[in-house]
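Trainee:
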Amino acid sequence: MDNLAIARIFSEIADLLEIKSENPFKIRAYRNASETIAYATERLAYCTEDQLRAIPGIGKDLASKIREIAETGEARYHRDLLEQFPTTILDLLRLQGVGPKTVAQLYAQLGIRTVDELEAACREGRVRALKGLGAKKEQLMLKACAERKQHAGRHLLPDASEAASLLLEYLRAECSTVTFVPVGSVRRGADTSGDIDILATGTDPHVMATFTIYKLVDRILGQGETKSSVLLWGGIQADLRLVPEESHGAAMQYFTGSKAHNIALRDRAMSRGLKLNEYGLFRVEDGALVAGRTEAEIYDALGLVEIPAELREGRGEIEAAELDALPHLVTLADIQGDLHSHTTETDGRDDIETMAIAARDAGFRYLAITDHSQALAMANGLDEHRALAHAQRVRDISHRLEGITLLAGIECDIRPDGAMDLADDCLAQLDVVIASVHSAFNQDEAQMTDRMLRAVTCPYVDIIGHPTGRILLRREPYKVDVRQLIEAAAEAGVALEINAQVDRLDLSDAHAKSARDRGVKIVISTDSHAAGGFRQMRWGVQVARRAWLTKDDVLNTRTVAEFRAGLRRNRRL
DNA sequence: GCCGTTTTCGGCCCGACTGTTTTCAGTCG
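Take the first sequence: its letter number 160 is residue 159 in numbering that gives the first Met the number 0, and every next letter is one higher.
#1: When we look at the beta-carbon of N261 and count the other beta-carbons within 10 Å, is it buried (16 or more) or exposed?
#2: Less than 7 Å between the beta carbons of T255 and V182, yes or no?
#3: Curious, which full-length beta strand (DSSP E) runs of at least 3 residues does the region 353-405 contain?
#4: If I'm right that T200 touches L156 with Cβ under 8 Å, what's the distance once you round it to whole angstroms?
#5: State the Cα-Cα distance for the pair L572 and L504, rounded to the nearest angstrom.
#6: How about L566 and D420: do their beta carbons lie closer than 7 Å?
#7: Across which residues does DSSP place I413 in a beta bridge pair?
#8: Under a Cβ-count criterion, where at least 16 other Cβ atoms within 10 Å of its own Cβ denotes burial, should V283 be classed as buried or exposed?
#9: Leaving aside the five residues before and after D90 along the sequence, list all residues of the same chain whose C-beta is less than 8 Å from its C-beta, in chain order.
#10: For a quick check, are the C-beta atoms of A454 and P415 less than 7 Å apart?
#11: Looking only at its chain, what residues have a beta carbon closer than 7 Å to the beta carbon of A543, apart from the 5 residues adjacent to it on each side?
#12: Please state the DSSP three-state secondary structure of V455.
#13: Assuming G152 is part of the beta strand (DSSP E), what are its boundary residues?
#14: Using 7 Å as the threshold, is the C-beta distance between L239 and S227 below it?
#15: According to DSSP, which residues form a beta bridge with V553?
#16: Please state whether DSSP places L239 in a helix, a strand or coil.
#17: What residues are listed by DSSP as bridge partners for L231?
#18: Can you name the start and end residues of the alpha helix (DSSP H) that E316 belongs to?
#19: Does the Cβ-Cβ distance between D395 and F363 come in under 7 Å?
#20: Does the Cβ-Cβ distance between I351 and I334 come in under 7 Å?
#21: Going by the DSSP bridge assignment, what does E496 pair with across the sheet?
#22: For A163, which option in T558, A250, G234, G98 has the closest C-alpha, if you only look at C-alpha atoms?
#23: Under 8 Å by Cβ, that's how I've got R495 and P458 pegged, so tell me the actual separation to the nearest angstrom.
#24: Output the distance between the C-alpha atoms of D424 and S372, rounded to the nearest integer angstrom.
#25: Between which two residues does the alpha helix (DSSP H) carrying L198 extend?
#26: Near L139, which residues of its chain fall below 6 Å by C-beta distance, leaving aside the five closest residues on each side in sequence?
#27: Going by DSSP, what residues sit across from S435 in a beta bridge?
#28: Would you please state the rounded distance, in angstroms, between the beta carbons of S397 and T525? I believe it to be under 8 Å.
#29: Quick check on the burial criterion: 16 or more other C-beta atoms within 10 angstroms. Buried or exposed for Y253?
#30: Would G464 pass as a contact of I433 if the rule is Cβ separation under 7 Å?
#31: Which class does V114 belong to by DSSP, given the choice of helix, strand or coil?
#32: Taking the beta carbon of R311 as the centre, do at least 16 other beta carbons fall within 10 Å, making it buried, or is it exposed?
#33: Nearest-angstrom Cα distance between L180 and I197?
#34: Please give the ranges of any alpha helix (DSSP H) in the region 46-97, keeping only runs that are unbroken, at least 4 residues long and fully inside the region.
#35: Where does the unbroken beta strand (DSSP E) through F254 begin, and where does it stop?
#36: Ordered along the chain, which non-local residues of its own chain (more than five positions away) have a Cβ less than 6 Å from that of R210?
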């Protein structure tokens with residue numbers, strides 16, 4: 000039982016208690032604990048009750064529940080709650096604009112348990128009959144249902160990757176003579192995945208049976224000799240395909256995709272009198288096998304250097320490979336610092352020093368502490384006075400610590416009219432300023448674009464944080480004209496952020512590539528709210544790689560001195 | 001449910017916005 004599984008159970012308990020209108024502080028205790036557990040560095044299933052109780056936010060009761068989950072895989076309290084409400088009710092809670100009170104009301108008065116039932120009830124005008132709900136709310140709910148359906152069956156990259164690596168670990172242990180590799184969108188590092196694809200090469204006759212009896216299989220969707228599909232616990236589908244040794248490379252290529260890349264590649268094969276499929280590259284005239292054992296062999300036979308999986312999206316990679324002009328992609332090891340983090344001074348979970356040490360342990364040479372500004376009241380955002388005092392503490396601690404440099408910064412809100420949330424003379428005294436939108440998300444495109452362009456013109460803004468505001472599988476980006484934003488950033492010398500939070504990954508790969516093409520510098524930041532957050536850097540780097548970024552394109556691959564020299568504020572001096 | 005005590009209860013974050021209201025409840029960040 001890994002930490003995330005325990006965290007998920009606590010989070011579900013919190014959701015269910017909310018629907019029951021339980022004591023809000025009890026709910027918060029479960030939610031806090033869920034986050035703490037998800038971020039914890041050691042595996043809590045191996046901890047004793049005393050060790051667990053030493054963790055802030057985990058008391059007697061929660062410690063014993065963690066032990067119970069570690070030993071039995073489940074908590075009785077959680078099961079009891081689920082008996083009072085159907086599990087599907089939790090899907091309703093994830094709809095935009097639908098909270099616990101509404102879910103409780105919908106279930107109690109209309110018996111609504113699923114998104115489909117809610118959709119039907121809205122269409123029939125039954126929802127507006129409930130107290131506090133009207134026709135307009137019905138429309139919003141219909142829209143939320145439609146958005147949900149659009150995302151149904153998709154999963155965030157880390158979820159899919161984690162499920163894939165557990166499955167691979169199991170398969171490799173059980174069938175040692177067979178080679179297993181992840182393919183599909185997980186191998187390409189796409190920000191969301193529809194399913195997990197695994198390729199097996201070898202001759203073990205038990206491979207398929209081994210796959211379908213995996214302990215996390217919820218349901219077998221299909222089972223054959225060369226292809227099987229299962230639905231895993233948690234709703235992720237996994238497909239396994241078995242191919243003979245001589246087709247390994249061709250199958251890897253074929254099943255890694257993407258579709259657009261494969262079509263272009265097959266097209267190229269055809270124009271050379273060749274045919275490409277999952278079994279190999281063949282000559283059309285006599286059917287002779289030209290290549291198939293490795294991917295490199297296949298690309299080579301098509302006159303191309305091997306293309307990294309992340310670039311196989313049909314965005315010009317074949318043309319670049321033909322000229323041997325593929326970028327040398329940035330790696331996690333190139334990253335020297337992190338430029339976006341929060342502490343207990345606003346909505347972070349750990350203090351400055353704890354964050355600094357965790358960043359150092361994660362391999363970073365520098366860290367910018369960038370807490371929120373005053374507009375974010377719920378996060379206890381900083382006004383000018385507190386921001387400067389906080390900056391002083393950051394600098395003091397930086398002097399004291401070995402092996403890491405702290406930069407005193409801020410994540411300053413961009414107000415709805417585009418003004419900065421803090422005065423210029425305050426921003427001028429900080430080392431680095433990120434400007435971000437956290438309010439009035441529903442402005443129209445003209446307003447939102449003007450707002451962000453105005454932020455870019457502020458001479459003390461160095462970086463635009465999570466520039467489109469998307470929350471993957473949950474919230475559409477705000478309506479900002481990214482092209483104009485990139486143009487403005489290029490002219491002003493403002494960097495754009497790739498926020499590595501797994502449900503943001505914002506900029507997206509496609510936008511980051513446009514920014515790079517226009518010469519805009521990129522920073523990759525974890526936006527860590529706790530000491531465990533620095534591990535998320537890898538997901539941001541994954542986006543950067545898919546965006547064709549090299550080490551030179553990314554500001555935080557530089558040393559701290561080079562980085563500071565490259566900031567807009569210092570260049571204009 | 002956790003925490004920190006002034007040791008065994010009382011405090012724990014809140015402002016803006018929206019759609020529903022006629023004074024506010026629910027949701028979001």
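Virtual Cβ for every residue (Gly too), placed ideally from N, Cα, C.
What you are looking at is a predicted structure, and each value in this text was computed from that prediction instead of being measured.
Mentor: Quick answer:
#1: Counting Cβ neighbours within 10 Å, N261 comes out buried, since at least 16 surround it.
#2: Result yes, Cβ atoms of T255 and V182 sit closer than 7 Å.
#3: Restricted to the region 353-405, the beta strand (DSSP E) segments that are unbroken, complete and at least 3 residues in length are 365-371, listed in chain order.
#4: The pair is not a contact, with the Cβ atoms about 25 Å apart (cut-off 8 Å).
#5: Caution is warranted here: a pLDDT of 43 is assigned to L572, below 50, making its placement in the model unreliable, and the coordinate value is therefore given only provisionally. In a straight line, the C-alpha of L572 is about 32 Å away from that of L504.
#6: Cβ distance not < 7 Å, so L566 and D420 don't count as in contact.
#7: M419, per the DSSP bridge assignment.
#8: Taking a 10 Å sphere around the C-beta of V283, we find fewer than 16 other C-beta atoms and assign the residue as exposed.
#9: The beta carbon of D90 lies closer than 8 Å to those of T113, V114, R147 in the same chain, with the five residues before and after it left out.
#10: In this structure, P415 does not lie closer than 7 Å to A454 by Cβ.
#11: So the qualifying residues of the chain are V329, I497, A511, I521, I523, V553.
#12: DSSP places V455 in helix when its eight states are reduced to three.
#13: Where G152 is concerned, there is no enclosing beta strand (DSSP E), given that its DSSP letter is neither H nor E.
#14: For L239 and S227, yes; Cβs fall inside 7 Å.
#15: DSSP output for V553 lists I521 as bridge partner(s).
#16: Of the three classes helix, strand and coil, the one that applies to L239 here is strand, per DSSP.
#17: Partner(s): V216.
#18: E316 -> alpha helix (DSSP H) spans 316-321.
#19: Taking the C-beta atoms as reference points, F363 is found no nearer than 7 Å to D395.
#20: With contacts defined as CB atoms closer than 7 Å, I351 and I334 fail to qualify as a contacting pair.
#21: Per DSSP, V522.
#22: Considering only alpha carbons, the answer is G234.
#23: For clarity, residue 495 is Leu in the given sequence; the question names Arg instead. Going by Cβ atoms, the distance from L495 to P458 rounds to 17 Å, so no, they are not a contact pair.
#24: Taking the CA atoms as reference points, D424 sits about 14 Å from S372.
#25: In the DSSP assignment, L198 falls outside any alpha helix (DSSP H) and lies within the beta strand (DSSP E) extending over 194-200.
#26: Cβ neighbours of L139 beyond the five flanking positions: G96.
#27: Beta bridge pairing from DSSP links S435 with D412.
#28: About 18 Å separates the two Cβ atoms, so there is no contact after all.
#29: Y253 is buried by the Cβ-count criterion.
#30: The answer is yes: Cβ separation under 7 Å.
#31: Collapsing the DSSP output to three states places V114 in a helix.
#32: By the neighbour-count criterion, in which 16 or more other beta carbons inside 10 Å mark a residue as buried, R311 falls on the buried side.
#33: It should be noted that the sequence gives Val, not Leu, for residue 180. Approximately 6 Å between the Cα atoms of the pair.
#34: The DSSP assignment places complete alpha helix (DSSP H) segments of no fewer than 4 residues inside the region 46-97 at 48-52, 59-71, 75-83, 88-92, in order along the chain.
#35: Not the beta strand (DSSP E): F254 falls in the alpha helix (DSSP H), residues 247-255.
#36: In the sequence as presented, Arg is not what sits at residue 210; that position holds Phe. Once the five neighbours on either side are set aside, the close Cβ partners of F210 are S227, L239.
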